[in-house]
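Worksheet for the structure shown next.
Protein chains in written order, with our numbering: chain A, 41 to 542; chain B, 41 to 542.
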């Protein structure tokens, strides 16, 4: 064991990984792998869909206990009708700055039927399900654990992974008696996947608790080539649900087919009108107001590796949407995505009917300079231009009869805009240095593809945000069979140790 | 009661309804309304999805018993791996012709969750569900029953209604001692809604039992204005299921949106390419070979009433697919209909993913002169022309990576062609005369919109087919909440009495 440790630490030094806290974290982790997986599994076993208030509370209490166990004073910040924020603080005498660590402990809604093993019964598999990974028993597994093993459960990556990583990093820092240099604040949100609807309000109500020189957003995946990345911005998001109408009830497709309008076909036509063959959104003014990239940002994109070819193989893709543009380039642009579509039934349940309605759910990802409400307005205007009468409530019979085409278009109140922190700021430069000292060369991304409610944070507490992810890219987050690869969790612990002591 | 009867019978005479068997059926029905509804409900309570063999057998046995009770020798005709055909026969000494009555006792597949009351627990409602009809108790209802009442259950219209109508008509004929003039054969199929895959084989195996001068197809709805109609043909049908592929798994729409192909958008584009804004199918050669209408057929179409405006109101429609073409004209053409469409999830289950697959199920209705297999070939060719590699099996990773666009296209083995019997044949002319003597002026339709496996019948036993429907058009057949309006059932009994004694 001692020999393995020594070899590994030498290897780390050779690749530039010289951060003492990160190295302490590695030593600690190698001695406690099973205990870490066990503690993490206990947290993952608590269901965490934002709308289930009682479960959410159990999560929050568990995380408070995890921090308290590491000597970090922690508590719940509770506002009416909002899920609690878990708050913790490490005050460092003489510190010249405050770093806020953000993560969220709620998970995406799910359909348990789609999961191979239940989403809230965490299991360890020897590899990914796509590679026929089998469940292995932790207590009989040999140590060290194979770093290609994965933990399967909702939020194993998104976004409880940083929470366990921070907890273990604190253990290692404490054990090695490494001193903190900054004031540290922990802010773990409980309804990010429900659109963070209350988060801005909570921040404003307790503004003093939440200020900091920088918020480190611990969320999202690292690069597809498994290299560490830092994202200086994140896309905003908005969802739009569209329902179009045919007859008041499903009709026999023989007795009415060719005469009654088919809403599935109407929807297909409407959706087709929104994008061209190269993935360019055809909604008028969709791209207006976008803030251009700086020279540093352009250079970072050019220097970033291009995992595109490997990724296409891994995902069984024969083409990308706008080939030959690289993934990282495409993520610097806004997107319009059909996230779900339904009309009557397919498969064994299909029958010969003309559907009565057809529904699509879209999500739109925004980049800096776009306003999410204005974008929704432009999409609605586009639908009108296709000949639709647009309403935001279920249309009554009179409305349906008065117009050849009727669409109900609804958006959530949860949308928010993109943010982007300059890579040229001193805090940005130091962060890059610290992360590279722990994890080797990093990929610097101006805007990552995913969305986190950074705009609300920046506005509420007057700070800036930078994202430091740890999850593997192939973690199936937001879908079924979400998982984290052990090596990513191990790396995440080292990353957090370095950041906590910067 | 006697006074009501007399008044009604006089009214019937004034509208030309002078058929003695039909009038006898009316008298009988008025004296036995509750018993009729009770017997029908017992039959409807037996689940009848074609794939459920045990239930199907219970239906078949029940129908044999119903015929036997009326003195009609009946039995099951059973071929290996096929649902039984119920067969009954009335031999009439000196008869110069044989009339075969066809109906089917199986029903469309269903999802019970969509039904207001369970599909196999028949209930009587005071009016339709759309008009907030409430369940009423038969035993405490006053007689005569309100003819606007409806029986709700799977197959209440499609297609057990003709079976009970025939049974009750036989009661009335027997009670009034009216004599038969033709040989009568009853053929009740048990897998029509599964595509009649075995019916041709059964007919051929027992050809002598099934020959007749004409087959009367007792299926489908009457006109939207509730007027009796006779259909001299029916459209053929074919189904085509299309699945298009994105990445091997659902992807986070933030981290991959704009780069990974979205199969829902691909499907929308593909479906849009199949029809123009006026409902014309854009598949090359789709309309090739169609047999033109005769002068008699064109006249019948011109004379048919146009319920279109009323129907649009009833269905809450602001437009029809190819306005100003009338419904009856549109049904003389082939159709291509999206019967269902699905990709990931919508509504509360929606999440921010790029779907992995998108599926649509189409049904194609054919008219005389088109070959169903050739049409499928043309649709596949169309999909290829949109840039797809087409396979009929689940594509493997290599196939998916080798082609920018991959579609799995599957068709059932159940498709069949359209048929059309000339209105100018002597048997056609006599049938029109008999039906009008029972039901007043009828609408004569060259080809009705729905499909029944008439081609297999005509080919197997060398006969011709004519369709005499009884159900209300607004019966929700093939969908949830299927029902029959009592007046349609009453009219159907009179119609069957007239046809049985022609």
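Here a beta-carbon is modelled for each residue, glycine too, at the ideal position from N, C-alpha and C.
query                                                                                                                                    : result
Chain A within 9 Å of residue 394(B), Cβ atoms only                                                                                      : yes
Residue 430(A) and residue 420(A) closer than 9 Å at C-beta                                                                              : yes
Simplified DSSP assignment, three categories, for residue 442(A)                                                                         : helix
Beta-carbon spacing of residue 395(A), residue 288(A) below 9 Å                                                                          : no
Rounded separation between residue 457(B) and residue 411(B) - CA only                                                                   : 6 Å
Residue 191(B) beta carbon less than 9 Å from that of residue 524(B)                                                                     : yes
Simplified DSSP assignment, three categories, for residue 155(B)                                                                         : coil
C-alpha gap between residue 326(A) and residue 423(A), whole angstroms                                                                   : 13 Å
Pair within 9 Å by beta-carbon distance, residue 281(B) and residue 387(A)                                                               : yes
Amino acids of chain A, ordered along the chain, whose beta-carbon sits closer than 8 Å to that of residue 383(B)                        : 378, 380, 381 and 382
Chain-ordered residues of the stretch 72-89 of chain B with a beta carbon less than 7 Å from chain A                                     : none
Any C-beta of chain B under 9 Å from that of residue 530(A)                                                                              : no
Under the three-state DSSP convention, the category residue 536(A) falls into                                                            : helix
Contacting positions in the stretch 428-447 of chain B - beta carbon closer than 8 Å to chain A                                          : 437, 440, 441, 442, 443, 444, 445 and 446
Residue 78(B) in three-state terms, based on DSSP                                                                                        : helix
Contacts around residue 60(B), its chain only, beta-carbon distance under 7 Å, and the 5 residues preceding and following it disregarded : 218
Residues in the stretch 137-156 of chain B having any Cβ partner in chain A nearer than 8 Å                                              : 148, 149, 150 and 151
Distance between residue 85(B) and residue 476(B) (C-alpha atoms, nearest Å)                                                             : 33 Å
Three-state secondary structure (DSSP) of residue 350(B)                                                                                 : helix
Neighbour flag for residue 356(A) against chain B, beta carbons, 9 Å                                                                     : yes
Residue 389(B) at chain A interface by Cβ criterion, 9 Å                                                                                 : yes
Complete runs of the beta strand (DSSP E) confined to the stretch 476-525 of chain B [at least 3 residues]                               : 483-485, 505-507 and 523-525
Rounded separation between residue 41(B) and residue 69(B) - CA only                                                                     : Because the pLDDT of residue 41(B) is 49, which lies under 50, any placement of that residue in the model is unreliable, and the number read from its coordinates should be weighed accordingly. Answer to the nearest angstrom: the Cα atoms are 13 Å apart.
Buried versus exposed call for residue 156(B) [16 or more other C-beta atoms within 10 Å across all chains shown]                        : exposed
Own chain residues within Cβ distance below 6 Å of residue 380(B), not counting five before or after                                     : 401
Short Cβ contact (9 Å threshold) for residue 522(A) with residue 148(A)                                                                  : yes
Cutoff 9 Å: residue 41(B) Cβ touching any chain A Cβ                                                                                     : Reliability of the predicted coordinates at residue 41(B) is poor, the pLDDT of 49 falling under 50, and the value obtained from them is presented with this limitation in mind. No, no contact with chain A.
Check: residue 470(A) C-beta below 8 Å from any heavy atom of the ligand HEM                                                             : As far as ligands go, the structure on display features none, and thus does not contain the ligand HEM.
Residues, ordered as in the chain, of the stretch 207-232 of chain A that lie near chain B by beta-carbon distance below 7 Å             : none
is_contact[residue 312(A), chain B] using C-beta, thresh 9 Å                                                                             : yes
Inter-residue Cα distance where the pair is residue 189(A) and residue 74(A)                                                             : 12 Å
Short Cβ contact (9 Å threshold) for residue 145(A) with residue 239(A)                                                                  : no
The stretch 366-374 of chain B / the stretch 292-299 of chain B touching (three or more Cβ pairs under 8 Å)                              : no
Cβ contact check for the stretch 116-134 of chain A and the stretch 169-187 of chain A: 3 or more pairs under 8 Å                        : no
Among 427(A), 58(A) and 537(A), nearest to residue 358(B) - alpha-carbon criterion                                                       : 427(A)
Beta-carbon separation (whole angstroms), residue 196(A) vs residue 88(A), contact threshold 8 Å                                         : Contact doesn't hold; Cβ gap of about 11 Å is too wide.
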